[in-house]
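Beneath this line is the structure, given in structure tokens, with notes to follow.
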Amino acid sequence: MSVRTNAFRLNKSEGKIMGVCAGLADYTGIDLMLIRVLTVLLTVCGVGSTIILYLLVGLLAPSNRY
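Okay, structure coming up:
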């Protein structure tokens, strides 16, 4: 069994609110602005679970060390 070194972590140094979008951008390699725009679009278009999911990840995920 191999140990995964690229684990998801919140990136509070580049994050605006809780660092969830910045952490997701670091983890996936997708541009941070694209992740933020998609998050806002999903929230505005009526997918209300986006806010709940964002808050849960922000409260439960580990933070980066810097």
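Per the working numbering, numbering of the sequence shown is gapless, rising by one per residue and ending at 68.
Cβ atoms here follow ideal geometry from the backbone N, Cα and C, with glycine treated the same way.
From a predicted model like this one, the values you see are computed outputs, not experimental measurements.
Quick one: Cα of residue i to Cα of residue j, how far?
i, j, result
"P64", "N8", "13 Å"
"V22", "G50", "17 Å"
"T52", "L44", "7 Å"
"M20", "V46", "19 Å"
"L40", "G48", "13 Å"
Return the residue from the list the options that minimises the CA-CA distance to residue i.
i, options, result
"V59", "A24, M35, S15", "A24"
"G31", "F10, V42, L61", "F10"
Anyone know if the C-beta pair for residue i and residue j falls short of 8 Å?
i, j, result
"K14", "N66", "yes"
Could you tell me if residue i is buried or exposed, where buried requires 16 or more neighbouring beta carbons within 10 angstroms of its beta carbon?
i, result
"I37", "buried"
"D33", "exposed"
"L57", "exposed"
"L26", "buried"
Every unbroken alpha helix (DSSP H) within the segment 15-52, with a cutoff of 4 residues, ordered by chain:
Qualifying alpha helix (DSSP H) stretches, in chain order: 22-30, 34-46.
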